[in-house]
Amino acid sequence: MERKQFLQTWLGAAAMLAFGETGVANTSPEKPFKIIAGKGRFGESFLYKGKNPNDIKISGKDTNGQLAMFEYTGYEKTGPSLHVHFHQDEIFYVTEGNYRFVVGEETIMMNPGDTIFLPRNVPHTWIQLTNKGKMVYFAQPAGKTEAFFRTMNNLKYAPTREEVDKIHETCGMKVIGPPLTL
131 MERKQFLQTW LGAAAMLAFG ETGVANTSPE KPFKIIAGKG RFGESFLYKG KNPNDIKISG
191 KDTNGQLAMF EYTGYEKTGP SLHVHFHQDE IFYVTEGNYR FVVGEETIMM NPGDTIFLPR
251 NVPHTWIQLT NKGKMVYFAQ PAGKTEAFFR TMNNLKYAPT REEVDKIHET CGMKVIGPPL
311 TL
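In the numbering used here, the protein residues as written are 131 to 312.
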């Protein structure tokens with residue numbers, strides 16, 4: 131066996147051992163954990179637009195950056211600006227209320243029990259259509275999603291458009307249009 135082939139075989143075997151059969155590093159927490167309803171993973175509570183709880187339930191720190199899970203409770207008919215994630219796919223599961231999602235060129239109505247997959251690099255947004263709504267959603271890989279919400283939540287003033295754009299850029303996203311309206 132030539133040296134180059136030997137090294138490639140050895141590196142491949144080492145990668146298989148490190149990442150297991152799935153190709154993902156085996157770094158799960160050693161013990162289970164529970165997050166109480168209405169609480170965030172680290173005792174943090176983020177308020178989206180100052181009113182709507184958006185709590186981290188499973189952190190990227192728990193999954194070696196592979197996944198983050200959030201629970202959003204909306205008390206107003208609002209949603210994010212049209213934006214794109216460059217490094218994360220998102221999955222939303224509606225548990226209460228109704229929503230309208232726009233993903234690329236498609237408009238998709240979402241009701242309790244519905245799930246939607248939002249691929250990275252595809253512009254998307256949503257708006258809550260009912261007075262109250264709730265969704266559980268995932269970012270995969272976790273990326274800087276938590277850092278984005280933490281940064282936005284900790285601002286003590288309304289940021290300028292330039293500041294919002296910079297925060298999005300730092301977290302691997304870009305705002306490309308306004309939020310939806312009713």
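For each residue, glycine too, the CB sits at the ideal point set by N, CA and C. Bear in mind that the values here come from a model prediction, so they are computed numbers and not experimental data.
{"Query": "Reduced DSSP category for Val294 - H, G, I as helix; E, B as strand; rest coil", "Result": "helix"}
{"Query": "Whole-angstrom C-beta distance between Phe231 and His254, which should lie under 8 Å", "Result": "7 Å"}
{"Query": "Glu201 versus Gly234: straight-line alpha-carbon distance, rounded", "Result": "24 Å"}
{"Query": "Thr208 vs Ala272 beta-carbon contact at 9 Å", "Result": "no"}
{"Query": "Option in Met199, Glu276, Ile257 with minimal Cα separation from Thr237", "Result": "Ile257"}
{"Query": "For Ala198, the three-state DSSP class (helix, strand or coil)", "Result": "strand"}
{"Query": "Rounded separation between Ser211 and Met240 - CA only", "Result": "18 Å"}
{"Query": "For Lys191 and Lys296, the rounded distance between their alpha carbons", "Result": "24 Å"}
{"Query": "The region 173-183 contacting the region 275-283, beta-carbon criterion three pairs below 8 Å", "Result": "yes"}
{"Query": "Through-space distance from Gln218 to Gly243, alpha-carbon basis", "Result": "23 Å"}
{"Query": "Terminal residues of the alpha helix (DSSP H) in which Arg280 lies", "Result": "275-284"}
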